[in-house]
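Report on the structure given below.
In this note's numbering, the protein residues as written are 437 to 761.
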């Protein structure tokens, strides 16, 4: 019996680019702390066979048990407060395959064979859940991770309009769940690097200036794992579509009163400032081309409009650009 007890808030979340080879641990380099609301248990997705086999009994027998923890995909879901720093930007850079400065999401996709030289600093990531006590608790390390969904949300009346984030990471490599706490160098986040909606200086939807109450910009880029190795899958690739969507609530007024009619009568994509938040070098968002997927009245103290948008690829402009540099 042990008298020791631990708080869930004692755990820390760290991220880094993988080492020289994709899918290799990046724990030996500098790791960056993520500002998370809470630490949730990753979905380990072990393969188990628990069926009662044909025989002389109706009970499940030990000799019929089978479990595999190699050919599986581990999924990690996280959310928290966004920071304009190296660690949080790695999540966006990974799903966007862009580490050049301002992050632009295009139709380019990465297929990265595990174990070969990393061609992009964010090709794959190492994620660590580190406990406060490395003697009586066990940390967890997940390497070869790719971000399959990432969203940024802000609401004017919540937490001072701070930007929030959520992400899903997946890996086809077998994690280290036994210790994984030997981080060589840690960099914490700071409370001076949080983007806020109040710092933005302009807001447009379908090229009309709007008074914005809230927004969510989401990127979805599924991962596909193939090949067989002794420590998991050999190759991680991206799915058939990388999609960018926006949900925004804006004030219903003479600048936005035509949105419902525009949605109802669309025949082609809007081609200029479909969605725009001007927030210089602090997670501004710009989508040129897009279509409404829904526009609806939203009753509250004031009449508002809930607008849903999907970004469209015109062959020239990015699906979305984030102003972070």
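Even glycine gets a Cβ: it sits at the ideal position worked out from N, Cα and C.
The structure presented is a predicted model; accordingly, all values stated were derived computationally and were not measured.
Which term fits residue i, buried or exposed, when burial requires 16 or more other beta carbons within 10 angstroms of its beta carbon?
i, result
"residue 602", "buried"
"residue 710", "buried"
"residue 692", "buried"
"residue 739", "exposed"
"residue 664", "exposed"
"residue 715", "buried"
"residue 668", "buried"
My output table needs one value for residue i: the three-state DSSP class, helix, strand or coil.
i, result
"residue 524", "helix"
"residue 575", "coil"
"residue 530", "helix"
"residue 695", "helix"
"residue 438", "coil"
"residue 759", "strand"
"residue 445", "helix"
"residue 499", "helix"
If you follow the beta strand (DSSP E) that residue i is in, where does it begin and where does it stop?
i, result
"residue 728", "726–734"
"residue 513", "510–517"
"residue 638", "638–641"
"residue 609", "From DSSP, residue 609 is part of no beta strand (DSSP E); its letter is neither H nor E."
"residue 470", "466–470"
"residue 713", "711–714"
"residue 539", "539–541"
Hey, residue i and residue j: beta-carbon distance below 8 Å or not?
i, j, result
"residue 481", "residue 509", "yes"
"residue 576", "residue 613", "yes"
"residue 459", "residue 550", "yes"
"residue 725", "residue 753", "yes"
"residue 586", "residue 607", "no"
"residue 747", "residue 741", "no"
"residue 515", "residue 472", "yes"
"residue 518", "residue 468", "no"
Based on DSSP bridge pairs, tell me the residues matched to residue i.
i, result
"residue 740", "687 and 734"
"residue 483", "504"
"residue 585", "604 and 656"
"residue 626", "Paired residue(s): none; residue 626 is not in a bridge."
"residue 477", "Paired residues: none, contrary to the question."
"residue 678", "BP columns for residue 678 are empty, so no partner."
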